[in-house]
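Structure first, then comments.
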Amino acid sequence: MRNARLAEWILSLVTTPARAAATVGDLLEDRLHAGALRFWGAVLMTACSLLWRDVMADPGRMIRLALYGVFLELVLSLAMAAVVGILYGFVALVALAISPGTHLPWGPDTPTGFATLGVIASYVFTLVAQFQVGRVLAKRSPGRELAPCIATTLVAIAIPFLIDLLVRGRAEFPTGQSIQEALYGSPVTVSILSQIPPLVTLLAGAARIRRQRLSSSN
Amino acid sequence: MAGTVSALGEFEQVVLLAILRLGDDAYGVTVRDVIADRTHRRPTAGHLYTTLDRLEEKGLVASKFGDPTPQRGGRAKRYFKVTAKGVAALARAQQSYQRLMEGLKLPGVAHA
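Top to bottom, those sequences are chains A and B. Following our numbering, the numbering of the first sequence begins with 764 at its first residue and continues without gaps. Following our numbering, the numbering of the second sequence begins with -11 at its first residue and continues without gaps.
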């Protein structure tokens, strides 16, 4: 079932609402897009084309915003590590105060459930952080709110590759891993695919600012 | 050269020619149809709309919205028109092609 309103909403994230409506009208009218698959394919491809046009419209500015975005992501990651460390320290202090001599789980001794909880919590924190970074980037790029999110993700993927290229042959890992694998603990394809959920939340943050701007201008 | 736009790409020229050919009825669907009929290639919607937006940003085309129509779910058509600047840019691009082609015989192609 076609949902033209949803298509219009998607396109209005990367172009003006009037143009988005006219484009959806064209796609509805065009007999080639009679099927739902073709219609949605055309909507998504058009949105991607318009988004990429925004990224390439001012590459210098986009690179600056992307580096700022990566910097924010790094700061928030460090903040998350600090929060986790403080929480762990607090729990450890309480445990030791209640029962001196308690063995505190750490490293390989950490129970699986506790470790899983930590991984889930850090992933949720990462997604929330990405949402906020998306909002900050969107505020700095009026009219092209989503473009810096794409640029930030591309730069975040490119930086480990560049590090890998620069230090390859100069650093040896006992496991024979590349820097990329050593940094992320996974092959390149997996590390790229793992960028998708953070990218979606990054875009969601930017989309929220875009919608707020559009509704305030109406 | 000050005050001139950058050279037109091949697809930009195709789009401008299609809009000129359509006159007052140039909007997304008809532009795509004319390009498909005349060049036997159908551009993707994304390629066409980004090109139209770029041409408008360069001041080579202007657009205006028509009245909403029921067959489009009450959505207006966005009509395009080539501006004087667009016509001049197109003429320059075509003259460049003609100068390059002058006196040239393409091997295996019949010439009029």
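C-beta atoms are modelled at their ideal positions from N, C-alpha and C, and glycine is treated no differently. Just so it is clear, the structure is predicted and the values come from calculations on it, not from any experiment.
- With contacts defined by Cβ atoms closer than 8 Å, Ala783(A) and Phe53(B) do not form a contacting pair.
- Ala910(A) is classed as buried because its beta carbon has at least 16 other beta carbons within 10 Å across all chains shown.
- For Ala50(B), the nearest beta carbon of chain A is not closer than 8 Å to its own beta carbon.
- Separation of the CB atoms of Ser775(A) and His35(B) is rounded to 20 Å, and the pair is thereby denied contact status at 8 Å.
- As computed with DSSP, Val49(B) is found in a beta bridge with Val70(B).
- Here Asp817(A) is buried: its Cβ has 16 or more other Cβ atoms, across all protein chains shown, within 10 Å.
- Neighbours of Phe53(B) in chain A, taken as residues whose beta carbon is under 7 Å from its own, are Ala781 and Ala785 in chain order.
- In terms of Cα proximity to Ala967(A), the closest of Leu790(A), Leu900(A) and Met819(A) is Leu900(A).
- Taking 8 Å as the cut-off, the beta carbon of Ala829(A) is found closer than this to the beta carbon of Ala914(A).
- Residues of chain A whose Cβ lies closer than 9 Å to the Cβ of Thr38(B) are, in chain order, Thr809, Ser812, Leu813, Trp815 and Arg816.
- Bounds of the alpha helix (DSSP H) holding Thr915(A) are Ala910 to Val930.
- With contacts defined by Cβ atoms closer than 8 Å, Asp789(A) and Gly62(B) do not form a contacting pair.
- Nearest to Asp55(B) by alpha-carbon distance, out of Ala79(B), Tyr67(B), Arg87(B) and Asp25(B), is Tyr67(B).
- Contact of His35(B) with chain A is assigned, a C-beta pair being separated by under 8 Å.
- Leaving aside the five residues that flank Ser957(A) on each side, none in its chain has a CB nearer than 6 Å to its CB.
- Going by beta carbons, Gly47(B) and Lys73(B) fall inside the 8 Å limit.
- Between the stretch 798 to 807 of chain A and the stretch 76 to 87 of chain B, the count of Cβ pairs shorter than 8 Å is below three; the stretches do not touch.
- Leu43(B) and Val918(A) have their C-alpha atoms spaced approximately 29 Å apart.
- Sequence-ordered contacts of the stretch 53 to 76 of chain B with chain A read Phe53, Gln59, Arg60, Gly61, Arg63, Ala64, Lys65 and Arg66 [C-beta pairs closer than 7 Å].
- In the DSSP assignment, Ser840(A) falls within the alpha helix (DSSP H) that extends over Pro822 to Ile861.
- Distance from the CA atom of Thr879(A) to the CA atom of Val838(A), rounded to whole angstroms, is 24 Å.
- Contact annotation: the stretch -7 to 8 of chain B touches the stretch 20 to 40 of chain B, with at least three C-beta pairs closer than 8 Å.
- For the stretch 885 to 911 of chain A, the beta-carbon criterion of a distance under 9 Å to any beta-carbon of chain B is satisfied by none of its residues.
- DSSP places Arg63(B) within a strand segment (E or B) once states are collapsed to three.
- Around the Cβ of Ser51(B), a 10 Å sphere holds 16 or more other Cβ atoms; the residue is buried.
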